[in-house]
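Structure record follows, encoded as structure tokens.
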Amino acid sequence: MDHDQNFQDEFDGINLNWSLHVVEKKSNNLGYMGSSENRYFQLTFHCKFKDKVNKYYIPHVMEIAEMMRFKSRERKLYTNRSANENGRLWSSVPFTHPSTFDTVAMDPDLKNEIKSDLMKFVDKQQFYSRVGRAWKRGYLLYGPPGTGKTTLIAAIANFLKFDIYDLELTEVRSNSHLRKLLISTSNKSMIIVEDIDCSLDLSQRKNNYKNNRINIEMKEDHYDHQNEGEEDYKSGVESFSSKVSLSGVLNFVDGLWSSCGGERLMIFTTNHKEKLDQALLRPGRMDKHIKLSYCEISAFKILMKNYLGIEEHELVRYVEELLPVVEMTPAEIGEVFMGCEEDSDMGMRNVVQEMRSRVAASN
């Protein structure tokens, strides 16, 4: 709005008028002669609606303003710092990944199911509060390497406009350190643990949990008391290897500390779901399990459109016959298509040839 410009609004039958005012303020502090501006909005309405405006309209305006600020902000990709690094718990870079649900190569029905689930999650703050659950949701993405787990994570982040916290568990020194990382994340964010089966030997920690629990907790208490200050933490942590236990991860996902903050999505990925402890997989921790498999014809057509700019081709019928046999991932097909964006016929010939070569090699 410009100076002295008016804006008319209507809320629940109430007519309201906003105007922007600018007052010039002169100053000669410390011999400096200059001027500054005080800018403020003035809201006018009939006095009989004062209580209603204060109770309902002003919170409504603040909610819209917060939503606009959230959508216009620069989103960040965070990673937890290693134990011997200086500074804060998380470091960040701008998040600029271009992946969207339109470009993700996966079954359209599964894609719509995920989008619907995400929208229900972000729209149900009052529901989560009413049923006594923390406003968070856990996803497990599993399947062979190259099936698009990381790409799907980026598409979800762009769909929700959330920041991403990429948690590297091997850089976490203890369960208490893990809690500190959790409570330092922001609302409207995604916490990602990729390849959780490789990050920590959680199955082994489960088997040895009773034997090691006292020793681990004593070490954590020692470091928590010794390292209250940041400098103590920096100097003492180098010789302390990661002591994150299965119990610590479970509490991170679904314990009391996980309820600090709101509107968080926790996503775990693995190539081997069968290696994960069943305690991690239950609802409340990993609420939705999403299997990403080898490329099927619906996903192939998305790749064909993304890379070659076409939606149909005469060789698609051969691809449809070969795909169930060769078990190629979307990443492998995308690599075959690379460099063929100007010649779709060559791209299709190359991918059919690659599939036939794999069939011949397996016989």
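Number 138 in full-length UniProt numbering belongs to position 138 of the sequence shown; there are no gaps in the numbering. For every residue, glycine included, the Cβ atom is placed at its ideal position computed from N, Cα and C. This one's a predicted model, so the numbers in the text were calculated from it and none came from an experiment.
Three-state secondary structure assigned by DSSP to residue i
i, result
"His-289", "strand"
"Phe-159", "helix"
"His-222", "Unreliable placement is indicated for His-222, whose pLDDT of 48 sits below 50; the coordinate value is still reported in the next sentence. Helix, per DSSP."
"Thr-44", "strand"
"Asn-193", "According to the sequence provided, residue 193 is Val. The question's Asn does not apply to it. Val-193: strand per DSSP, three-state reduction."
"Met-348", "helix"
"Trp-135", "coil"
"Pro-95", "The displayed chain sequence assigns Phe, not Pro, to residue 95. The answer is coil: DSSP assigns Phe-95 none of H, G, I, E or B."
"Phe-101", "coil"
"Ile-310", "coil"
"Arg-130", "helix"
"Glu-321", "helix"
"Ser-269", "First, the amino acid is wrong: residue 269 is Thr here, not Ser. Reduced to three states, the DSSP call for Thr-269 is strand."
"Tyr-57", "helix"
"Glu-74", "coil"
"Arg-205", "Because the pLDDT at Arg-205 is just 47, under 50, the model does not fix this residue reliably, and the value given afterwards should be weighed accordingly. Helix."
"Asn-175", "helix"
"Val-22", "strand"
Residue i versus residue j: straight-line alpha-carbon distance, rounded
i, j, result
"His-46", "Asn-15", "8 Å"
"Pro-324", "Arg-358", "12 Å"
"Glu-320", "Glu-312", "12 Å"
"Ser-129", "Cys-260", "13 Å"
"Met-328", "Arg-356", "12 Å"
"Leu-308", "Leu-20", "52 Å"
"Tyr-57", "Gly-143", "48 Å"
"Gly-284", "Ser-362", "42 Å"
"Cys-295", "Asn-54", "55 Å"
"Glu-37", "Met-62", "24 Å"
"Asp-107", "Ala-299", "6 Å"
"Lys-50", "Val-23", "26 Å"
"Arg-69", "Lys-161", "12 Å"
"Glu-342", "Leu-152", "27 Å"
"Pro-145", "Asp-277", "20 Å"
"Gly-334", "Val-104", "11 Å"
"residue 367", "Lys-48", "The structure shown has nothing for residue 367, since the chain only spans 1 to 363."
CA nearest to the CA of residue i, picked from the options
i, options, result
"Asn-6", "Met-190, Phe-41, Thr-96 and Val-172", "Phe-41"
"Arg-179", "His-60, Gln-126, Phe-252 and Lys-149", "Phe-252"
"Ile-192", "Asn-306, Leu-303, Lys-120 and Arg-137", "Arg-137"
"Asn-306", "Pro-94, Met-286, Ser-344 and Lys-50", "Ser-344"
"Ser-92", "Leu-110, Met-106, Asp-107 and Arg-75", "Arg-75"
"residue 383", "Ser-245, Ile-267 and Ser-258", "Residue 383 is absent from the structure shown; the chain starts at 1 and stops at 363."
"Leu-181", "Ser-116, Glu-335, Leu-118 and Val-249", "Val-249"
"Asp-287", "Glu-341, His-272 and Leu-118", "Leu-118"
"Val-351", "Glu-342, Phe-337 and Trp-90", "Phe-337"
"Val-273", "Ile-183, Lys-25 and Tyr-139", "With the sequence shown as reference, residue 273 is identified as Lys, and Val is not the correct amino acid for it. Cα-wise, what sits closest to Lys-273 is Tyr-139."
"Val-122", "Met-67, Ser-199, Trp-90 and Leu-110", "Met-67"
Presumed contact (8 Å Cβ cut-off) between residue i and residue j, rounded CB distance
i, j, result
"Thr-96", "Ser-293", "About 28 Å; that fails the 8 Å criterion."
"Arg-269", "Asp-166", "A quick correction: the sequence has Thr, not Arg, at residue 269. With a Cβ gap of about 11 Å, Thr-269 and Asp-166 do not count as contacting."
"Leu-141", "Ile-290", "5 Å"
"His-99", "Ala-155", "The sequence as given places Ser at residue 99; His does not occur at that position. Rounded, the Cβ-Cβ distance is 4 Å, consistent with contact."
Residues near residue i in its chain [Cβ-Cβ closer than 6 Å; skip 5 each side]
i, result
"Met-348", "His-313 and Leu-315"
"Leu-322", "Met-355"
"Gln-125", "Trp-135"
Beta-carbon contacts of residue i that lie in its chain and below 8 Å, excluding the five residues immediately before and after
i, result
"Asn-187", "Gly-261, Gly-262, Glu-263 and Arg-264"
"Asp-102", "none"
"His-60", "Phe-11"
"Ile-297", "Val-316, Val-319, Glu-320 and Leu-323"
"Phe-159", "Thr-100, Phe-101, Lys-115 and Leu-118"
Own chain, CB closer than 7 Å to residue i, minus 5 neighbours either side, in chain order
i, result
"Val-326", "Met-355, Arg-358 and Val-359"
"Leu-77", "Ser-92, Val-93, Phe-95, Ile-164 and Asp-166"
"Gly-310", "Reading off the sequence, residue 310 comes out as Ile, not Gly. Closer than 7 Å at the Cβ level, and outside the excluded window around Ile-310, lie Met-304 and Ser-344."
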